[in-house]
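Residue numbers (my numbering), protein chains in the order written: chain A, 14 to 194; chain B, 14 to 194. Note that beta-carbon positions come from the ideal geometry of N, C-alpha and C, so glycine has one too.
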C-alpha cells in the first residue's frame, strides 16, 4: 500500500508537546523532485457509538478550544501511552457517560486528517448499557455534558450544525443503519 | 454554543508553516483552574462525494506522508487563501478526477480533529458527471491514482483497510443511502 511513496530526505523537529508533536520533513517525490511536508504526531484516540436500550445514542457536549466553540460528539478520548485501545474505549465510555456495556465490540479505525496528522480513531459499538453508581472520573481539565438523543434529535443537530464533527457524523449514519436492521 | 468556554490567558506561537501553524495556549477552565492547549491552525478543505451515472463512486489513491502509507479517499483538497469553498470543490473535482458535474451541491461541513486542530471539511455531492478533455492540473507535488468503484468494492476496501479515512467512510455510508433512494 505504498503507491507514490515519498522518501524522507530531511527531517526537522519543531515541537514536542504534551499531546502532539510537529516536524517538517523534506521528501523525494515519485518524479524525483522534492517537497516539504508539515506533519503532526498524535497518540491516537477511540470513540464509541453507544446505543441505549430505547434506541438513543449517547452524545457529549464539550468545549473545543481549537474551534472556539462547543461541539456535540460521540464519547471519545485519547489513548494513553502504552494503553490498549480496547481499554481506552471502555474507560472513556465510563468516564464520559457513567455507563458500561454488556455488548462492546470494535468496529473500525480511520485517520481523521491524513493530509497533515497521523491521528487514528478506533471506533467501537457499545450496547446493552447499564449505569455505574460511582463511575471512574475523567481528566481534570475536561468538562462534559452528557446527552441521550433519539436518531431524529441527532439528525436535527446535524442539520443545524450543533453536531459538527466527522466521527460523530459517521456514527449517526452508522447507528441509523444499525437500528433499522 | 459556548458551554464550558475556555478563556485564553496566554498564547505562544510555535510555528507558522506553509499549510499549518501551531500555537500553545494557556486557558482558564470553567472551574477557574488553568490548562494548556496545543492547537493546530489549518486553512480548511473540501471533499466531494462524486457519483457516476452507473452508480460508482470516484476515489483517489495518494500517499499520505503523515501516515507513511497510501490511502484511498474521496477527492479532496485544501482551500487556497481567499478561495470560496464552492470554487475549491469544483476545482479539486476537475484536477483530481478529470470530471465536471452538471449537478453539484453543498452537503455539510464538519471538523476532522476537534481535539487539537481547527480543520473543517466542506462536503459536496457531485452527480451527472462528464469527462473534461483537458482538465486543470493539480498541485505539482500531488500524485494521484483515480478509481471508479462500485459500492460493493468500496465496502470491501473499508473492510480490508485500504479505505482508512473518516471523510471517506462517511461518504460511502452516505452514497449508499443516496443510491438506495
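Could you tell me whether any Cβ in chain B is nearer than 8 Å to the Cβ of residue i?
i, result
"residue 59 of chain A", "no"
"residue 97 of chain A", "no"
"residue 19 of chain A", "yes"
"residue 110 of chain A", "no"
"residue 50 of chain A", "yes"
"residue 130 of chain A", "yes"
"residue 55 of chain A", "yes"
Looking at the C-beta of residue i, does it have a partner C-beta in chain A at a distance below 8 Å?
i, result
"residue 178 of chain B", "yes"
"residue 24 of chain B", "no"
"residue 145 of chain B", "no"
"residue 182 of chain B", "yes"
"residue 134 of chain B", "yes"
Does DSSP put residue i in a helix, in a strand, or in coil?
i, result
"residue 103 of chain B", "helix"
"residue 180 of chain A", "helix"
"residue 145 of chain B", "coil"
"residue 51 of chain B", "strand"
"residue 39 of chain A", "strand"
"residue 21 of chain A", "strand"
"residue 185 of chain A", "helix"
"residue 153 of chain A", "coil"
"residue 108 of chain B", "helix"
"residue 115 of chain A", "strand"
"residue 69 of chain A", "coil"
"residue 94 of chain B", "coil"
"residue 132 of chain B", "coil"
"residue 81 of chain B", "coil"
"residue 193 of chain A", "helix"
Mind listing the chain A neighbours of residue i? Cutoff is C-beta to C-beta under 8 Å, in chain order.
i, result
"residue 171 of chain B", "121"
"residue 187 of chain B", "186"
What residues from chain B crowd round residue i, counting only those whose CB sits closer than 7 Å?
i, result
"residue 125 of chain A", "125, 126, 179"
Would you mind telling me which residues of chain A sit closer than 7 Å to residue i, beta carbon to beta carbon, in chain order?
i, result
"residue 16 of chain B", "74, 76, 83, 158"
Output, in chain order, the set of chain B residues within a Cβ distance shorter than 8 Å of residue i.
i, result
"residue 154 of chain A", "42, 46, 48"
Please indicate yes or no: does the CB of residue i lie closer than 7 Å to some heavy atom of the ligand PLP?
i, result
"residue 160 of chain B", "With respect to the ligand PLP, the structure offers nothing, as it holds no ligand at all."
Original post:
Is the region 172-189 of chain A touching the region 22-38 of chain B in the sense that three or more CB pairs, one from each, lie closer than 8 Å?
Top reply: The region 22-38 of chain B makes no contact with the region 172-189 of chain A; the number of CB pairs closer than 8 Å stays below 3.
**OP:** Would you list, in chain order, the members of the region 23-43 of chain B that have their beta-carbon closer than 8 Å to a beta-carbon of chain A?
**Re:** Correct list: 27, 28, 30, 31, 32, 33, 35, 37, 38, 40, 42, 43.
**OP:** With 7 Å as the limit, tell me which residues of the region 73-85 of chain A have their beta carbon closer than that to any beta carbon of chain B; keep them in chain order.
**Re:** Sequence-ordered contacts of the region 73-85 of chain A with chain B read 74, 75, 76, 77, 78, 79, 80, 82, 83, 84 [C-beta pairs closer than 7 Å].
Original post:
Do three or more CB pairs link the region 43-57 of chain A to the region 131-141 of chain A at distances below 8 Å?
Top reply: With the cut-off at 8 Å, the region 43-57 of chain A and the region 131-141 of chain A touch.
Original post:
Taking contact to mean at least 3 C-beta pairs separated by less than 8 Å, is the region 95-105 of chain B in contact with the region 68-87 of chain A?
Top reply: Per the Cβ contact rule, the region 95-105 of chain B is not in contact with the region 68-87 of chain A (fewer than 3 Cβ pairs under 8 Å).
**OP:** May I ask you to verify whether the region 80-92 of chain B touches the region 35-50 of chain B, counting CB pairs closer than 8 Å and requiring at least 3?
**Re:** Too few Cβ pairs lie closer than 8 Å, so no.
**OP:** Specify whether the region 103-113 of chain B and the region 143-150 of chain B touch according to this definition: at least 3 beta carbon pairs, one from each stretch, less than 8 Å apart.
**Re:** Remark: three or more beta-carbon pairs, one from each stretch, lie closer than 8 Å, so the region 103-113 of chain B and the region 143-150 of chain B are flagged as touching.
Original post:
Can you find at least 3 beta carbon pairs, one from the region 155-172 of chain B and one from the region 182-190 of chain B, that sit closer than 8 Å?
Top reply: These segments touch.
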